Amino acid sequence: MILYIKDKLAELAEEVCRRHKDAHIPPENIDMKEFDKKIKNRKYIGDRYFGSLSSPPCTENVIWNILEKEFYAKYLLD
1 MILYIKDKLA
11 ELAEEVCRRH
21 KDAHIPPENI
31 DMKEFDKKIK
41 NRKYIGDRYF
51 GSLSSPPCTE
61 NVIWNILEKE
71 FYAKYLLD
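First residue of the sequence shown? That's 1 in the UniProt record's numbering, and the numbers climb one at a time after it.
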């Protein structure tokens, strides 16, 4: 039974990833200077802190921006 559940969970995860594949925007496609300009103009910034990525490779010296409102990365691709 456990193996059956494990297989079903793997199938579901694969399906979800497949559906959202187009939602991935490679970081190198995002101009962070443009991001800074756009969020400052709209006063989205709530807080900012230095940290590291939360998943491998867990890169350090990352600036995290905590926004007060939703901001979609697609606006940076215009």
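Heads up, the beta-carbon is just placed ideally off N, CA and C, and yes, glycines get one too. Every value quoted in this text rests on a predicted model; they were computed, and no experiment measured them.
Which listed residue (the options) has its alpha carbon closest to that of residue i
{"i": "residue 48", "options": "60, 66, 59, 70", "result": "66"}
{"i": "residue 68", "options": "74, 46, 62", "result": "46"}
{"i": "residue 39", "options": "5, 2, 71, 6", "result": "71"}
{"i": "residue 50", "options": "37, 3, 57, 62", "result": "62"}
{"i": "residue 36", "options": "12, 2, 3, 64", "result": "64"}
{"i": "residue 74", "options": "15, 57, 30", "result": "30"}
Chain B contact for residue i (CB, 9 Å cutoff)
{"i": "residue 57", "result": "Among the chains in the structure shown there is no chain B, since it carries only a single protein chain."}
Contact under 9 Å by Cβ, residue i with residue j
{"i": "residue 52", "j": "residue 60", "result": "yes"}
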